[in-house]
Amino acid sequence: MPVDANGTKVSQAVAIAAWTVVARDTLLTTARRYHSVITYKELASEVQEVSGITTAQRLDYWIGRLLENVAVEATQRGDPPLTALCVHQDGTIGPGYAKAPKSVASDPDADVDLLAAEHRLLCYRAYAEDLPADGGVAALTPQVAARKARRRKTEPVALPVCPIHSMELSTTGVCALCE
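Heads up: the sequence shown is residues 461 to 639, going by the working numbering.
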């Protein structure tokens, strides 16, 4: 159970409400720097330190609820989706992001990291103090971009197949049996 600065136990709801205010401010600060993100762990540390309400509970038990509250509040205020700025240590956004308010992907197989990159750009365009004159571009986190680049290099190239003989075509694009 969370405790305040005096060591008094507070309910999870009270803690989440206090943390929501701090999380929004922290995410707004993050949005002021183009292509900046904050990790779940960094955000959790910040909300506890600033609010004075701490918890020994594992991060994954409460951070989703906190971010959901921030997302709902952002939607109500007409803010861009600030929660897109909060990522895992490995730079990914996490599959739950597609379920957050303002994060509805029409395609259930949509890449949530690409969706979050587009949403982060909306945040930077609204708040970044160092946004490029051209309005900037949506970008994956460096870790995710590097992983995707490595994956592209290692994926086998599918060669065309003859529709009649079901054989791979030669580099000329002609089936050896059809010639």
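Just so it is clear, CB atoms sit at the ideal spot from N, CA and C, and this is done for glycine as well. Note that the structure is predicted; figures quoted are calculated from it, not measured.
Listed as beta-bridge partners of Cys-546 by DSSP are Ile-498. Residue state for Thr-468 is assigned as coil, using DSSP reduced to three classes. For Glu-528, the closest of Arg-610, Val-481 and Asp-594 by C-alpha to C-alpha distance is Val-481. When the Cα atoms are used, Arg-484 and His-579 turn out to be separated by approximately 15 Å. In the same chain as Leu-637, and ignoring 5 residues on each side of it, the C-beta atoms closer than 6 Å to its own belong to His-625, in chain order. Counting along the chain, the unbroken alpha helix (DSSP H) around Cys-583 starts and ends at 572 to 587. With a threshold of 16 other beta carbon atoms within 10 Å, Ser-471 falls short and is exposed. The C-beta distance from Leu-581 to Val-597 rounds to 7 Å, short enough to fall under 8 Å. Looking from the CA of Asn-466, the closest CA among Thr-632, Thr-631 and Gly-512 belongs to Gly-512. Between the segment 539 to 551 and the segment 497 to 505 there are three or more inter-stretch CB-CB distances shorter than 8 Å, so the stretches are counted as touching. By alpha-carbon distance to Ala-606, the top candidate from Pro-623, Val-621 and Asp-573 is Asp-573. Only residues of its own chain outside the window of five on either side were considered, and among them Tyr-587, Ala-588 and Glu-589 have a CB closer than 7 Å to the CB of Arg-492, listed in chain order. Counting along the chain, the unbroken alpha helix (DSSP H) around Glu-533 starts and ends at 523 to 537. Checking the DSSP bridge columns, you'll see Val-482 has no partner listed. Under the 10 Å beta carbon count, Thr-543 is surrounded by 16 or more other beta carbons and is classified as buried. Between Gly-524 and Gly-551, the gap from beta carbon to beta carbon reaches 8 Å or more.
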